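Engineer: Encoded as structure tokens, here's the structure I'll be asking about.
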Amino acid sequence: MSTSEDVVVRPARVDDVDAVCAFGEAHVPPHYTPLIGADAARQQVTDWWRPEQIRAAVTAGQLLVAVAHDRIVGVAQHAREGVDVVIYKLYVDPSRRGHGLGPRLIEAVVASLPPDVARLLIEHFAGNARAGAFYEREGFAVERVDRSATGRPELDVVWRARVVPGRAGAGSVADV
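As structure tokens, then:
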């Protein structure tokens, strides 16, 4: 049985870029194809897992990786958006799900936040009910839903927010 005990969560390095891209290629299409269709799943890799984009996130300090036995088993990418930080990528190798690695990646993002950030946002496709349930358990409340231009409800983007305890201005999500 896989556990998260043998996993190190750390900031990604430039020499991780190819492995992060390979992780996306290996895990994003099989995960998303049943949820949003093969074309849209492939487009996710094309749009968001390019080496130049991953390298820029690494250089900016916006990408964390979970590594077990020299293999990437999880990825979290975040970026500042106004006064908030958004987690744009949160992926765990399917063989590692259910062992606490997703929450560890989220907490690593929280630990890396600048002190003035009081809210953490995350987004997911409406068709990804498993992600929605996970984020709900992790304290992220639905803030809004952006409708997809395609008219396909599974491609709507659900935005969730969670306050960062102990931060200035950190009230309830409803307060903001």
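Numbering-wise (UniProt numbering), the sequence shown opens with residue 1 and increments by one. Ideal placement from N, C-alpha and C gives every residue a C-beta, glycine not left out. Remember, it's a predicted structure, so these values are computed and weren't measured experimentally.
Determine the direct distance from the alpha carbon of I36 to that of R147, and round the result to whole angstroms.
Structural biologist: The count along the sequence shown starts at 1 and reaches residue 147 at position 147. The count along the sequence shown starts at 1 and reaches residue 36 at position 36. Approximately 14 Å between the Cα atoms of the pair.
Engineer: Which same chain residues, not among the five before or five after A38, have their C-beta less than 8 Å away from its C-beta?
Structural biologist: In the sequence shown, the residue the question calls residue 38 occupies position 38. For A38, where only same-chain residues beyond five positions count, the Cβ hits under 8 Å are P29.
Engineer: Going by alpha carbons, who is nearest to V158 out of G166, R152, E143, P165?
Structural biologist: Mapped onto the sequence shown, residue 158 falls at position 158. Nearest option by C-alpha distance: E143.
Engineer: DSSP three-state label for V28, please.
Structural biologist: Against the sequence shown, residue 28 aligns to sequence position 28. Helix at V28.
Engineer: Who are E123's beta bridge partners in DSSP?
Structural biologist: In the sequence shown, residue 123 corresponds to position 123, counting from 1. Answer by DSSP bridge pairing, in chain order: W159.
Engineer: I need the straight-line Cα distance from H69 to V8, nearest angstrom please.
Structural biologist: If you number the sequence shown from 1, residue 69 lands on position 69. If you number the sequence shown from 1, residue 8 lands on position 8. Going from the Cα of H69 to the Cα of V8 covers about 9 Å.
Engineer: Would you kindly report the start and end of the unbroken alpha helix (DSSP H) that includes V110?
Structural biologist: Against the sequence shown, residue 110 aligns to sequence position 110. Per DSSP, V110 belongs to the alpha helix (DSSP H) from 101-112.
Engineer: In terms of residues, what are the limits of the beta strand (DSSP E) holding Q77?
Structural biologist: Here residue 77 is taken as the residue at index 77 of the sequence shown, counted from 1. Here the beta strand (DSSP E) through Q77 covers 71-81.
Engineer: What three-state label does DSSP hand D18 in the structure shown?
Structural biologist: Mapped onto the sequence shown, residue 18 falls at position 18. D18: helix per DSSP, three-state reduction.
Engineer: From D6 to E81, what does the alpha carbon distance come to, in whole angstroms?
Structural biologist: Position 6 of the sequence shown, counted from the first residue, corresponds to residue 6. Position 81 of the sequence shown, counted from the first residue, corresponds to residue 81. Approximately 33 Å between the Cα atoms of the pair.
Engineer: Taking the Cβ atom as the reference point for each residue, do L105 and L120 lie within a distance shorter than 8 Å?
Structural biologist: Here residue 105 refers to the residue found at position 105 when the sequence shown is read from its first residue. Here residue 120 refers to the residue found at position 120 when the sequence shown is read from its first residue. Not closer than 8 Å, so no.
Engineer: Can you tell me whether R10 is buried or exposed? The criterion is at least 16 other CB atoms within 10 Å of its CB, across all chains shown.
Structural biologist: Stepping through the sequence shown from its first residue, residue 10 is reached at position 10. Answer is exposed; the Cβ neighbour count stays below 16.
Engineer: Alpha carbon to alpha carbon, how far is D18 from G139? Give it in angstroms, no decimals.
Structural biologist: By one-based count along the sequence shown, residue 139 stands at place 139. By one-based count along the sequence shown, residue 18 stands at place 18. C-alpha separation (whole angstroms): 32 Å.
Engineer: Nearest CA to the CA of residue 186: which residue from F125, A133, D15?
Structural biologist: Here the chain covers residues 1 to 176 and nothing more, so residue 186 does not appear.
Engineer: I'd like to check one pair, R167 with V117: are the Cβ atoms closer than 8 Å?
Structural biologist: What you label residue 117 is simply residue 117 of the sequence shown in a count that begins at 1. What you label residue 167 is simply residue 167 of the sequence shown in a count that begins at 1. Yes, they are a contact pair.
Engineer: Is the beta carbon of A22 less than 8 Å from the beta carbon of L63?
Structural biologist: For this step, residue 22 is matched to residue 22 along the sequence shown. For this step, residue 63 is matched to residue 63 along the sequence shown. The answer is no: Cβ separation not under 8 Å.
Engineer: Could you please give the first and the last residue of the uninterrupted alpha helix (DSSP H) stretch that includes E52?
Structural biologist: Translated into the one-based positions of the sequence shown, residue 52 becomes position 52. From DSSP, the alpha helix (DSSP H) with E52 extends over 51-59.
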